[in-house]
Every structure is written in C-alpha cells, then in structure tokens.
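In the order they appear, the protein sequences are chains A and B. This note's numbering numbers the first residue of the first sequence as 1 and each following residue consecutively. This note's numbering numbers the first residue of the second sequence as 223 and each following residue consecutively. Idealized CB from N, CA, C, for every residue including glycine.
Protein chains: 2
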Amino acid sequence: MPTSRSYQDLCGIARALDVVGERWALLIVRELLFGPQRFSELRRVLANTSSNVIADRLRELEANGVIQRRQLSAPAASWVYELTPWGRQLEPVLLTLGLWGLQSPLPPEPAVIGPTTVLLYLRSRAHPDPTEFPAVVRIELDGQSWTALIHDGQLEIQVGETAKPDGSIRTDPKTFRELIGAPSQLQTAICVGAVGVDGDQKVIRRLLEQVVPADQISSERT
Amino acid sequence: MPTSRSYQDLCGIARALDVVGERWALLIVRELLFGPQRFSELRRVLANTSSNVIADRLRELEANGVIQRRQLSAPAASWVYELTPWGRQLEPVLLTLGLWGLQSPLPPEPAVIGPTTVLLYLRSRAHPDPTEFPAVVRIELDGQSWTALIHDGQLEIQVGETAKPDGSIRTDPKTFRELIGAPSQLQTAICVGAVGVDGDQKVIRRLLEQVVPADQISSERT
DNA sequence: CCGCATCCGTTTCGATACTG
DNA sequence: CAGTATCGAAACGGATGCGG
C-alpha cells in the first residue's frame with residue numbers, strides 16, 4: 001500500500017520533487033517569482049490547465065510551505081498567493097533549469113509565451129551599465145503591470161506599480177521578447193502600433209539595449 | 223484537444239519540464255550522473271517504482287536526447303543507459319534542487335537512501351585539501367562499486383572500478399552517510415562490522431574528513 | 001537472470017459545468 | 001471573481017509473464 005505519492009527517498013532531489021514535482025507546480029512558482037498573484041491571474045496565464053488543477057496545486061504548495069495565501073488590504077477583500085522565503089529560494093533552481101530547457105526542441109504549436117517568461121529572460125540576461133542608470137520602467141504586458149527598478153548594475157522586477165516610472169512600455173509578451181536584443185526595432189514597433197510608450201522613450205530603449213548578445217529562443221543542442 | 227502532455231509554453235522552464243518533468247525522470251537522471259547504469263540496477267535502486275515506469279521513462283528520455291542506450295562490449299552483450307552531453311548539463315540543476323529539497327520535512331517512513339544520494343552529497347560537500355592528496359578510493363555500497371578520484375582539490379566519482387585504488391571501503395549508504403562528517407566513527411564502524419576497509423585505511427579517513435561541517439539530513443527550514 | 005511487455009486496479013489529470 | 005463538482009481519459013503502481 002503506497003504512502004501517498006512520496007518518493008520516500010531521503011535524497012534532497014527526491015524530497016524537492018515530493019514538494020514541487022507535481023505537474024504545473026513549478027510553473028505556478030514561476031508565476032509568483034516577481035510577487036503575489038491572484039487566482040484568476042494564475043488561471044489566465046496558465047491557460048493550458050484547468051482551474052481545479054491550479055486549486056489543487058495551490059493547496060498542496062501552501063501545505064508544504066512553498067507559498068502562502070494572504071488577504072489583500074481593506075477594500076479588495078480578495079486573496080493573493082505569494083512565495084514564502086523558502087519558496088523564493090527556488091529562483092536559482094528555476095533559472096538554471098530554464099536555461100537548460102532552452103536547448104530543447106520547441107514545443108508543439110500553438111505555444112504560448114507569458115509575461116513572466118519574458119521578464120525572467122530580461123532579468124537573467126540584462127547587465128545594466130551603472131553609468132546609464134538608475135531608472136524605473138513600467139512594463140505592461142497583456143494588461144498586467146510590472147515595475148523594473150534598474151540601479152547599481154541590477155535589474156529588479158516586481159509586480160504592480162511600486163514606484164513612479166521614468167517611462168512606460170505597453171505591449172504583448174511576444175513583441176517584447178522580440179524587442180529584447182533587437183532594440184532598434186522599437187521605433188518601428190511603436191509606429192505599427194504593436195507597442196505603446198509613455199514618458200521617457202530613451203530609458204525604455206536603453207533598458208532593452210542592456211541585454212547580452214542573446215541568441216533567439218533556440219531549438220539547438222550544444 | 224490536448225497535444226500530448228506538453229505544456230506548450232516557450233518558457234525554458236516549461237520546456238525543461240516537458241522533457242524531464244514526468245514522475246521518476248529526474249531520479250533516473252540522478253542515478254546516471256556518475257556513469258552508465260543498466261536497467262536492473264536502476265530498478266534495484268529506484269525500488270519504489272515499477273519496471274514499466276522505468277522502461278517508459280528511459281524510452282522517453284532517450285527520445286528526447288537526455289540519455290542514450292549503449293551496447294556493452296563483447297561478452298556482456300547487455301545494454302546500459304548513460305547521459306548525453308545535454309543530459310549531463312542537468313547536474314548543476316539537480317545539485318541546487320537537491321540543496322533546496324534538504325530543507326523540506328522528512329518523507330514518511332520507511333524511506334530509502336541510495337548510493338548515488340550519498341555520493342552526490344559527498345562530492346558536493348567535500349573540498350579536498352590538495353596537500354593531502356591525490357588518491358584513488360574504491361567505494362562499494364550495496365554491492366556496487368564506484369571510484370573516487372581525488373586530485374587538485376577536486377573529487378571526481380565514476381561508476382565501476384576505473385583505476386587502481388589506494389584504499390577501499392565497503393558498507394551501505396546509510397552507514398556511509400553517517401560516516402561523512404563523523405569520520406572519527408570509522409574505527410568503531412569497522413570493529414562492529416558495519417564497514418569493511420582494504421588497503422590504506424588512512425586515505426579513507428582523510429577522504430571522509432574533507433567534508434565541510436555538514437549538518438545532518440535536516441528537516442529544518444531556514 | 002535480465003530486459004522489458006502486458007494486464008489491471010487506483011490515482012491523477014484535463015475539460016466543462018456549476019456555485020457562492 | 002474564486003474557486004468546487006463531476007466525469008472520462010491518461011498515467012501510475014503492482015504483479016505477472018515471457019523471450020533471450
């Protein structure tokens with residue numbers, strides 16, 4: 001008689017998989033890396049799964065101490081899910097795993113690309129030149145906002161509008177992904193209407209230019 | 223209509239999980255980190271699953287380019303499974319994931335601890351003092367042999383007997399795990415019969431002593 | 001004995017519908 | 001908006017079979 005679905009293995013790898021190895025679990029963690037999200041937002045961005053699976057995972061991840069539910073302040077009266085300190089320690093794991101996964105063949109179409117994915121990519125590849133910043137950029141993708149804080153050679157990203165931005169960019173994840181590493185297309189994208197920019201356009205462009213040479217999302221194996 | 227079980231997400235994390243996200247897949251990769259293994263050996267050490275699941279995973283991992291089958295030389299006429307170069311790149315991912323997982327609560331009893339687990343632990347925590355080595359140590363756990371090559375402040379581990387050892391130790395994973403970081407117990411363990419040692423006993427002891435202070439397998443979260 | 005394949009009961013997943 | 005309920009399909013887990 002099996003004791004639930006634990007691997008019952010003292011190995012740290014197996015114990016990690018006991019906690020975050022179920023289907024969709026790590027993608028939920030990914031979505032929470034930049035800050036708390038509500039149920040409907042998770043559901044929207046993880047569109048390939050169903051609501052009961054998300055609910056199950058959230059329950060399990062909370063029971064295992066990876067995430068926690070939190071009640072929003074007064075008027076909203078709604079709940080958000082956020083990583084615990086332990087859950088936040090998954091970030092380096094996800095970054096190296098994601099880097100490894102980029103060498104895999106592309107998934108079958110139609111494939112999605114979400115806001116968190118491109119923002120993770122931006123953050124992991126951007127090495128802001130300290131002499132050109134600090135700056136605050138608002139990034140709106142698929143109708144949700146993030147704030148990018150660029151200072152001291154760091155690029156920090158948080159959900160929501162947590163600071164007054166010097167400039168804003170509004171587009172979709174796919175277009176934003178194409179703009180990263182090809183910042184020269186920014187002007188064109190604006191004219192075409194694929195991108196909207198407010199405030200200081202130069203700071204947007206400078207942000208996009210801080211990304212290392214960057215191969216495209218690739219299907220090659222080395 | 224779902225296209226198989228792909229996440230259909232261009233994110234590297236999701237693409238990695240498309241490849242190694244199925245149950246038991248990463249534990250199979252773990253078992254191959256130190257070199258090729260045969261089916262029956264995988265089955266023996268991953269005792270909590272059934273043979274068909276292992277066979278399925280091996281097929282999928284091979285199809286996805288993570289592992290490859292190889293025919294052993296003449297007399298054996300048997301097959302082994304080994305990581306491809308791409309598969310070997312999972313090692314840092316597994317190490318950080320395993321480190322994270324050690325902070326989880328212990329799995330329900332009865333829990334196993336396999337040879338690869340303790341050897342991974344040894345290798346990730348040992349920082350050999352270059353002045354005390356080089357040396358070659360044969361480690362036999364649960365009847366299978368590994369060779370530890372200690373040189374230039376590195377500890378390299380391979381399956382099988384790949385070099386002539388200065389000393390050999392023979393025990394079970396649990397005892398070996400307890401000995402790591404508590405090398406003073408070596409003499410006692412030998413007398414009790416829990417450990418067998420051949421050749422230079424001092425080199426065994428010196429190897430065990432190269433592990434950093436090392437908390438026990440812990441259930442604490444930081 | 002090794003390397004699986006087949007069968008079968010149980011659990012999980014995925015899609016849709018439904019409720020407070 | 002934030003989930004729960006239901007149900008068929010797929011995957012898992014255990015046992016057994018079977019050719020080399």
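Whether residue i touches residue j by CB criterion (8 Å)
{"i": "VAL288 of chain B", "j": "THR306 of chain B", "result": "yes"}
{"i": "PHE110 of chain A", "j": "GLN230 of chain B", "result": "Note that residue 110 of chain A corresponds to Pro in the displayed sequence, not to Phe. Contact flag set, yes."}
{"i": "GLY389 of chain B", "j": "ASP422 of chain B", "result": "yes"}
{"i": "TRP322 of chain B", "j": "LEU341 of chain B", "result": "no"}
{"i": "ASP334 of chain B", "j": "GLN259 of chain B", "result": "Sequence inspection shows Val at residue 334 of chain B; the Asp mentioned does not correspond to that position. No."}
{"i": "VAL195 of chain A", "j": "ARG125 of chain A", "result": "no"}
{"i": "GLY320 of chain B", "j": "CYS11 of chain A", "result": "yes"}
{"i": "VAL20 of chain A", "j": "GLY114 of chain A", "result": "no"}
{"i": "LEU254 of chain B", "j": "GLU304 of chain B", "result": "yes"}
Residue i: first and last residue of the uninterrupted beta strand (DSSP E) it sits in
{"i": "SER145 of chain A", "result": "144-151"}
{"i": "VAL29 of chain A", "result": "From DSSP, VAL29 of chain A is part of no beta strand (DSSP E) but of the alpha helix (DSSP H) over 25-32."}
{"i": "GLY101 of chain A", "result": "Taken as a continuous stretch (DSSP letters only), GLY101 of chain A belongs to no beta strand (DSSP E), being part of the alpha helix (DSSP H) at 91-101."}
{"i": "VAL358 of chain B", "result": "357-363"}
{"i": "GLU282 of chain B", "result": "No beta strand (DSSP E) holds GLU282 of chain B; the alpha helix (DSSP H) holding it covers 273-285."}
{"i": "VAL419 of chain B", "result": "418-421"}
{"i": "VAL381 of chain B", "result": "376-381"}
{"i": "LEU201 of chain B", "result": "Residue coverage of chain B in this structure runs from 223 to 444, which leaves residue 201 of chain B outside it and unanswerable."}
{"i": "GLN71 of chain A", "result": "67-71"}
Cβ of residue i within 8 Å of any chain B Cβ
{"i": "GLY101 of chain A", "result": "yes"}
{"i": "ARG221 of chain A", "result": "Confidence in ARG221 of chain A is poor, its pLDDT being 45 and thus under 50, which makes the residue's placement unreliable; the coordinate value appears in the next sentence. Chain B contact via Cβ: present."}
{"i": "THR171 of chain A", "result": "no"}
{"i": "TRP86 of chain A", "result": "yes"}
{"i": "ARG59 of chain A", "result": "no"}
{"i": "ILE139 of chain A", "result": "no"}
{"i": "VAL197 of chain A", "result": "no"}
{"i": "MET1 of chain A", "result": "Reliability of the predicted coordinates at MET1 of chain A is poor, the pLDDT of 43 falling under 50, and no value is obtained from them."}
{"i": "CYS11 of chain A", "result": "yes"}
{"i": "ARG30 of chain A", "result": "yes"}
{"i": "ASN52 of chain A", "result": "no"}
{"i": "ALA182 of chain A", "result": "no"}
{"i": "PRO110 of chain A", "result": "yes"}
{"i": "GLN216 of chain A", "result": "Only weak support is given to the placement of GLN216 of chain A: the predicted model assigns it a pLDDT of 43, under 50, and the value that follows is read from those uncertain coordinates. By this cut-off, GLN216 of chain A is not an interface position."}
{"i": "GLN68 of chain A", "result": "no"}
{"i": "GLN144 of chain A", "result": "no"}
{"i": "SER40 of chain A", "result": "no"}
Nonlocal neighbours in the same chain, by C-beta distance under 6 Å from residue i, ignoring five residues either side
{"i": "ALA238 of chain B", "result": "none"}
{"i": "SER228 of chain B", "result": "ASP240"}
{"i": "ARG123 of chain A", "result": "LEU155, ILE157"}
{"i": "PRO350 of chain B", "result": "ILE372, GLY375, LEU377, GLN432"}
{"i": "ALA135 of chain A", "result": "ILE150, ASP166, VAL203"}
{"i": "ARG57 of chain A", "result": "TRP24, ALA25, ILE28"}
{"i": "LEU90 of chain A", "result": "VAL29"}
{"i": "SER51 of chain A", "result": "ARG43"}
Closer than 8 Å to chain A by CB, residue i
{"i": "LEU239 of chain B", "result": "yes"}
{"i": "ALA236 of chain B", "result": "yes"}
{"i": "THR339 of chain B", "result": "yes"}
{"i": "SER228 of chain B", "result": "yes"}
{"i": "ASP422 of chain B", "result": "no"}
{"i": "GLY320 of chain B", "result": "yes"}
{"i": "GLY257 of chain B", "result": "no"}
{"i": "VAL434 of chain B", "result": "no"}
{"i": "VAL302 of chain B", "result": "no"}
{"i": "SER390 of chain B", "result": "no"}
{"i": "GLY382 of chain B", "result": "no"}
{"i": "GLY336 of chain B", "result": "yes"}
{"i": "PRO350 of chain B", "result": "no"}
Start and end residues, alpha helix (DSSP H) containing residue i
{"i": "GLY234 of chain B", "result": "234-242"}
{"i": "GLU400 of chain B", "result": "395-401"}
{"i": "LEU344 of chain B", "result": "337-347"}
{"i": "LEU186 of chain A", "result": "186-192"}
{"i": "SER262 of chain B", "result": "261-267"}
Beta-carbon proximity list for residue i, same chain, < 8 Å, skipping 5 on both sides
{"i": "ALA269 of chain B", "result": "VAL334"}
{"i": "GLU282 of chain B", "result": "GLU244, ALA247"}
{"i": "GLN407 of chain B", "result": "GLU400, LEU401"}
{"i": "ARG206 of chain A", "result": "GLU132, PHE133, ALA135"}
Neighbourhood of residue i by C-beta, 7 Å cutoff - its chain only, sequence neighbours within 5 removed
{"i": "VAL80 of chain A", "result": "PRO36, GLN37, ARG38, ARG70, LEU72"}
{"i": "ARG30 of chain A", "result": "LEU94, THR116"}
{"i": "ALA14 of chain A", "result": "TYR7"}
**OP:** Could you tell me whether the region 394-410 of chain B touches the region 357-368 of chain B, where touching means 3 or more Cβ pairs closer than 8 Å?
**Re:** yes
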